Every structure is written in structure tokens, then in C-alpha cells.
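Undergrad: Residue numbers (this note's numbering): 186 to 361.
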């Protein structure tokens, strides 16, 4: 299968389903998709990230080795917001390895503090950061401060809902 050709033909599930089926559990085929995500132009990266999300939903363990690349993508300034959103969505499907959790949390904080970003991207960053802070309770006070700031300055319903969800998640942890 020519993954780039498939990515350029359609958008949506018509594109994703054949790619997910083609990749299956094959690490080499996933590597081809990852390379497109890493080196393609913005439009192709976006579509590759969407396909990657569906690969992650089908087989989470297959994508975990690529965590360092995903962190790199989140830190890039020349990557479309939708690509970052899809990468963050992948992080919701698995627990980030301990040695990379701090870097992921820093990425999320940076995204959360960037008022110029679309609300959906900030909301996904909140959803990824909350479980990390739940794993490491010493991080909760800083996270709560950032959530408080976000609550004061953002009125987007998606952000408000994610803040409330994160606060409930952290509250449950502190009560146990």
C-alpha cells in the first residue's frame, strides 16, 4: 500500500480504515506512517496524525516506542495544531513512560499557557496533564494554579469542561 497516496486521496474514515488495517501489528508498516508524520508537509502530517490516532486506538502498545518523536512533534513550532491535537489524543490512550512524563507535562503546560492556540488543543493538553499529575501528587499544586489561570481567562466550553474534569480527577486522588 502507498500510504502517502492513500493519505492524499481521502479524509476521514475512508482514509483511516484501510491504513489501520494495512498496518495491523506490523512495526515496519507503522514506521512508514511515523516517517510521514515526522517529515511530511503540514497537510500530510495532519492526515498521518489522524491515521496514527486510529492506529493507537486499535493497538496502543504499537505506538509507545515512538513517544520521544511525539514529544518532539509537540515542541515544534512548524506543526499544525490539528497534528498536535491528534498526538495529544494518542497520549490519552496510554500511560507515558515515567522517564518521559516530565517532558510531556512541560509540553502540556506550554500548550495550556498559549492563549493563541485553539481551545480544543488546550483542552487536550489539560486531559493529558491531569493523569500525569495524578501519578505524581507533588505536581498537583502547580497544575491547579495553571487550571485556575485558565478558568479566569478562557470562556470556551471545551476548556471549562476539561478544567472541571481535571479538578474532579485530582480531588478523587487527594481524598483516597
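For glycine and all other residues, C-beta sits at the position ideal for the given N, C-alpha and C. Since this is a predicted model, take the numbers as computed values, not measurements.
Give me, in chain order, the residues of the same chain whose beta-carbon lies closer than 8 Å to that of residue 317; leave out the 5 immediate sequence neighbours on both sides.
TA: In the chain shown, the residue the question calls residue 317 occupies position 132. So the qualifying residues of the chain are 281, 286, 289, 290, 293 and 324.
Undergrad: Report buried or exposed for residue 200, applying the criterion of at least 16 other Cβ atoms within 10 angstroms of its Cβ.
TA: Residue 200 sits at position 15 when you count from the first residue of the chain shown. Around the beta carbon of residue 200, 16 or more other beta carbons lie within 10 angstroms, which makes this residue buried.
Undergrad: Starting from the Cα of residue 250, find the closest Cα among 345, 315 and 216 and give me that residue.
TA: One-based indexing of the chain shown puts residue 250 at position 65. When only C-alpha atoms are compared, the closest one is 216.
Undergrad: Just confirm the distance between the C-beta atoms of residue 307 and residue 344, as a whole number of angstroms; I'd bet it's less than 8 Å.
TA: As a position in the chain shown, residue 307 is number 122, starting the count at 1. As a position in the chain shown, residue 344 is number 159, starting the count at 1. Indeed, because the Cβ distance is near 6 Å, the residues count as touching under 8 Å.
Undergrad: Residues in the same chain with beta-carbon distance under 7 Å from residue 361, minus the five sequence neighbours each way, listed in chain order, please.
TA: The residue you call residue 361 lines up with position 176 of the chain shown. A caution first: residue 361 carries a pLDDT of 47, below 50, which makes its placement in the model too unreliable to give a value.
Undergrad: Report the residue from 232, 211 and 242 whose alpha carbon sits nearest the alpha carbon of residue 221.
TA: Along the chain shown, read from residue 1 onward, the residue named residue 221 stands at position 36. Of the candidates 232, 211 and 242, the one whose C-alpha sits nearest the C-alpha of residue 221 is 232.
Undergrad: Can you tell me the Cα-Cα spacing of residue 234 and residue 258, whole angstroms?
TA: Here residue 234 corresponds to residue number 49 of the chain shown, with the count starting at 1. Here residue 258 corresponds to residue number 73 of the chain shown, with the count starting at 1. So the two alpha carbons sit approximately 10 Å from each other.
Undergrad: Using only CA atoms, which one of 275, 236 and 263 lies nearest to residue 253?
TA: One-based indexing of the chain shown puts residue 253 at position 68. Ranking the options by Cα distance to residue 253, first place goes to 275.
Undergrad: Leaving out five residues before and five after residue 355 in sequence, what residues of the same chain have Cβ atoms less than 6 Å from its Cβ?
TA: Looking up residue 355 in the chain shown gives position 170. Correct list, in chain order: 325.
Undergrad: Helix, strand or coil for residue 280 per DSSP?
TA: One-based indexing of the chain shown puts residue 280 at position 95. If DSSP states are grouped into helix, strand and coil, residue 280 belongs with coil.
Undergrad: Whole alpha helix (DSSP H) runs in the segment 285-320 with 4 or more residues, listed along the chain?
TA: Complete alpha helix (DSSP H) runs here, min 4: 304-320.
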